[in-house]
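Visitor:
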Amino acid sequence: MATLSCEICPLGDTGILVRMPGSDPGERRRARALAAALESDPPRGTIEVVAAFASVAVYYNPELRNYDELRAELAGRINGLSAMRPPAGRIVEIPVCYGGECGPDLAEVAARAGLSAEEAAWRHAAAEYTVGAIGFSPGFPYLEGLPEELAAPRRAMPRTRVPAGSVGIAGRQTCIYPFATPGGWRLIGRTPLILFDPDRMPPSLLRPGDRVRFVAIDEARFRSWKRVGP
Amino acid sequence: MSLRVLRPGLLTTVQDGGRPGFRRYGVSVGGAADVRSLRLANLLVGNPPLAPALEMTLVGAELEVERDLYIAACGAEMAATVNGEPLPAGRTAYVRQGAVIAFRSAAQGCRTYLAVRGGIDVPRKLGGAGTDLAAGFGGFAGRALGPGDRIAIGEPASPPPAWMRRLADEAAAAQAPFAAASWFPEPFEPWRGRMPGVVRLLPGPEFAKFRRESVDALLGERFRVDPRSSRMGCRLVGPTLQLAAPLEMLSEPVSPGAVQVPPQGDPIVLMADSQTIGGYPRIAHVISADLPLVAQLKPGDEVLFELVDLAAARRILLEESRYLRRLAAAVALRE
Chain B
705 MATLSCEICP
715 LGDTGILVRM
725 PGSDPGERRR
735 ARALAAALES
745 DPPRGTIEVV
755 AAFASVAVYY
765 NPELRNYDEL
775 RAELAGRING
785 LSAMRPPAGR
795 IVEIPVCYGG
805 ECGPDLAEVA
815 ARAGLSAEEA
825 AWRHAAAEYT
835 VGAIGFSPGF
845 PYLEGLPEEL
855 AAPRRAMPRT
865 RVPAGSVGIA
875 GRQTCIYPFA
885 TPGGWRLIGR
895 TPLILFDPDR
905 MPPSLLRPGD
915 RVRFVAIDEA
925 RFRSWKRVGP
Chain S
61 MSLRVLRPGL
71 LTTVQDGGRP
81 GFRRYGVSVG
91 GAADVRSLRL
101 ANLLVGNPPL
111 APALEMTLVG
121 AELEVERDLY
131 IAACGAEMAA
141 TVNGEPLPAG
151 RTAYVRQGAV
161 IAFRSAAQGC
171 RTYLAVRGGI
181 DVPRKLGGAG
191 TDLAAGFGGF
201 AGRALGPGDR
211 IAIGEPASPP
221 PAWMRRLADE
231 AAAAQAPFAA
241 ASWFPEPFEP
251 WRGRMPGVVR
261 LLPGPEFAKF
271 RRESVDALLG
281 ERFRVDPRSS
291 RMGCRLVGPT
301 LQLAAPLEML
311 SEPVSPGAVQ
321 VPPQGDPIVL
331 MADSQTIGGY
341 PRIAHVISAD
351 LPLVAQLKPG
361 DEVLFELVDL
371 AAARRILLEE
381 SRYLRRLAAA
391 VALRE
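Going line by line, the protein sequences match chains B and S.
Start counting the first sequence at 705; every next residue gets the next number (the working numbering).
Start counting the second sequence at 61; every next residue gets the next number (the working numbering).
(1) What are the residues in the segment 307-319 of chain S lying within 9 Å of chain B by C-beta distance?
(2) Could one say the Cβ of S:Ser-290 lies closer than 8 Å to chain B's Cβ atoms, at least one of them?
(3) Does the distance between the C-beta of S:Leu-367 and the nearest non-hydrogen atom of the ligand SAH fall short of 7 Å?
(4) By a C-beta neighbour count over all protein chains shown, 10 Å radius and 16 as the cutoff for buried, is S:Gln-335 buried or exposed?
(5) Compute the distance between the beta-carbons of S:Glu-362 and S:Gly-293, then report whether it is under 8 Å.
(6) For S:Val-87, would you say it is in contact with chain B, using Cβ-to-Cβ distances shorter than 8 Å as the test?
(7) For a test of the three-state rule: what should DSSP assign to B:Leu-909, helix, strand or coil?
(8) Between the segment 371-390 of chain S and the segment 750-770 of chain B, do three or more beta carbon pairs fall short of 8 Å?
(9) Mapping the DSSP letters down to three states, classify S:Ser-315 as helix, strand or coil.
(10) Kindly list, in the order they appear in chain B, the residues whose Cβ is closer than 7 Å to that of S:Thr-336.
(11) Where does B:Lys-930 land, buried or exposed, given buried means 16+ other C-beta within 10 angstroms?
(12) So does the segment 321-329 of chain S actually touch the segment 226-245 of chain S, counting three or more Cβ pairs closer than 8 Å?
(13) Grab me the residues of B:Ala-737's own chain with a C-beta within less than 7 Å of its C-beta, minus the 5 sequence neighbours each way, in chain order.
(14) From the beta carbon of B:Leu-715, is the nearest beta carbon of chain S less than 8 Å away?
(15) If you compare alpha carbons, which of B:Leu-850, B:Glu-797 and B:Gly-726 is closest to B:Ile-921?
(16) For B:Glu-773, go through chain S and note every residue whose CB falls closer than 9 Å to its CB, in chain order.
(17) Note down, in chain order, each residue of its chain lying with its Cβ closer than 7 Å to the Cβ of B:Arg-816, except the 5 sequence neighbours on either side.
(18) For B:Tyr-833, return the contacting residues in chain S, with the cut-off set at a CB-CB distance below 9 Å.
(19) Does B:Val-762 come out as helix, strand or coil in the three-state DSSP assignment?
(20) Which residues mark the beginning and the end of the alpha helix (DSSP H) in which S:Gly-280 is found?
(21) Give the interface partners of B:Ile-751 over in chain S, defined as CB-CB distance under 8 Å, in chain order.
(22) Apply the 10 Å Cβ neighbour rule to B:Pro-862 and answer buried if 16 or more other Cβ atoms are within range, or exposed otherwise.
(23) I'd like to know if B:Thr-878 contacts chain S, where contact means its C-beta is closer than 8 Å to some C-beta of that chain.
(24) Within 8 Å of any Cβ in chain S, is that where the Cβ of B:Thr-718 sits?
(25) Here's a check: name, in chain order, each residue in its chain whose Cβ is nearer than 6 Å to the Cβ of B:Val-932, leaving out the five neighbours to either side.
(26) Does the Cβ-Cβ distance between S:Arg-342 and S:Glu-281 come in under 8 Å?
(27) Apart from the five residues just before and just after B:Arg-734, which ones in its own chain have a Cβ nearer than 7 Å to its Cβ?
(28) Once you ignore the five residues that flank B:Glu-812 on each side, which residues in its own chain have a CB closer than 8 Å to its CB?
(29) By alpha-carbon positions, which one of B:Pro-808, B:Ala-758, B:Ala-741 and B:Val-762 ends up nearest to B:Ile-751?
(30) State the DSSP-derived secondary structure class of B:Glu-711, mapped to helix, strand or coil.
(31) Grouping DSSP H, G and I as helix and E and B as strand, with all else coil, what is S:Glu-145?
(32) Taking only the alpha-carbon atoms, compute the straight-line gap between B:Met-705 and B:Cys-713 and give it to the nearest angstrom.
(33) Compare the beta carbon distance of S:Arg-99 and S:Val-87 with 8 Å and say whether it is the shorter of the two.
(34) Is B:Pro-934 buried or exposed, if buried means 16 or more other CB atoms sit within 10 Å of its CB?
(35) Quick check: what's the CA-CA separation for B:Leu-708 versus S:Ala-111?
(36) Indicate whether at least one CB of chain S lies closer than 8 Å to the CB of B:Arg-794.
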């Protein structure tokens, strides 16, 4: 029975968490496949389905459905999963101005890897990333696929203000800050794209499973980029 | 425009029942931290139960009424006055143009909801009227209210019932700035006959990963609310809670009510504006029916926890739902 391989447990009295047994890319794809299946054919009583890395939450209305029934239905859906691939993620190109004022930590990340800043930027842009999760703030993507040599720990002292659009590195992940917020990731560049707009549908530019390619642009192009939205 | 902010209070925001359905984009459901008091206040002015209201925190606002309004304030008692005269809490009142409503400090409890008949009128974002402070959108321009802000009130769907119109007549006849209803559905008693200060929990996804002594401490010792609490989370100080062994966790979806334990061991109860995913272990989860109680805890308050099972949590939620529907019916039937 597939449920033996997935952990299913309550998230309070209005949620159910399905956790894949591992966290490798295959398990993350399975989580996204499950989320996609549940979104396209939601169990009765479902309010929302949220996928993050290798887990999926189903938020439900306990007046319409009780946990045991919903758990049993989810277990049944998981059984049918092995044959399922998640829908192919879109490829999204993200223009980035690397280094300088846009990426104050690029030189340090490069030095740590024994590379020049240009080489580090080139390698960051050459990789293809997958969105593992959206969270931390609206529209904030956690991107997997960072070249190993560029990995860097979080800053010991977070910055009190990271400019909107900043591209960061923390550990083996890269991310993009949709808003100016405090942040501890190492900032290597900045995108002029709007990652989150509450007046746009969908409001987030990215979703789990999307594939992201960064495209280097120069500072002049960054400054003159036509910004649509707030 | 119908209400002008003279003093905004400590943190006053427009909140409704929240905007479910956008957690996959990283958008918290948000909305009123004590949704029960929001429902009661709206009920008293004949609004839909989750209509947008003003959520005031610890120290309330001072507002000038720019046109005649029906209002009700439910939640923490803030010694409210209208032109200096005491305004009864938890009751419908008709307030006349030019009056000044002043809310002071909450003696007990933390949050008060001021509902106005017609609802607070702000542009809806992502299906909700509440304020997302972190992302700066929704509610009143995505921020807390400030001095000079002018708030619009919507048009009610129907004319007021006779008992409300009588309040208006009373105020006019007495040439008074307001008239309050003499009845109320219930006094503010969040614990409602239960042991005050005890919040009910379900085990969290990582419950079994904590040391036995930590589980015992969670369920047997008092915790005190830390001043660094907010709409994102209620931080607690007490015995520190520890995992039995180090745990590598990927971030997973989280929801309000989750009791997260960061590495230093002081638990945080996630609240309405908490992030949608998190990587800290969750030892427990406050039952939905008790979230309004947590929303009324203020810095310095003490809380104890009690473990219940899922069947009990669901039963309690359904009872709460029935109770609110009975109240709504009772108010609707008044003539």
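Glycine included, every Cβ here is placed at the ideal spot set by N, Cα and C.
Guide: Judging by the given coordinates:
(1) Glu-308, Leu-310, Ser-311, Glu-312, Pro-313, Val-314, Ser-315, Pro-316, Gly-317 and Ala-318
(2) no
(3) The ligand SAH is absent from the structure shown, which contains no ligand whatsoever.
(4) buried
(5) no
(6) yes
(7) coil
(8) yes
(9) coil
(10) Val-754 and Gly-839
(11) exposed
(12) no
(13) Leu-785, Met-788, Arg-789 and Pro-790
(14) yes
(15) B:Glu-797
(16) The premise fails here: B:Glu-773 is roughly 11 Å from chain S at the closest Cβ pair, so nothing lies under 9 Å.
(17) Ala-856
(18) Chain S residues near B:Tyr-833: none, gap ~16 Å exceeds 9 Å.
(19) strand
(20) 272-280
(21) Pro-80 and Gly-81
(22) exposed
(23) no
(24) yes
(25) Unreliable positioning characterises B:Val-932 in this predicted model, as indicated by a pLDDT of 49, which lies under 50. A coordinate reading is not provided.
(26) no
(27) Met-724 and Leu-785
(28) Ala-856 and Arg-890
(29) B:Val-762
(30) strand
(31) strand
(32) With a pLDDT of 39 at B:Met-705, under the threshold of 50, the modelled position of this residue cannot be trusted; read the value that follows with caution. C-alpha separation (whole angstroms): 16 Å.
(33) no
(34) At B:Pro-934 the pLDDT is 37, less than 50, meaning the model places this residue with poor confidence and gives no usable figure here.
(35) Low confidence applies here, because B:Leu-708 scores a pLDDT of 48, under 50, leaving its location unreliable and the question unanswered by this model.
(36) no
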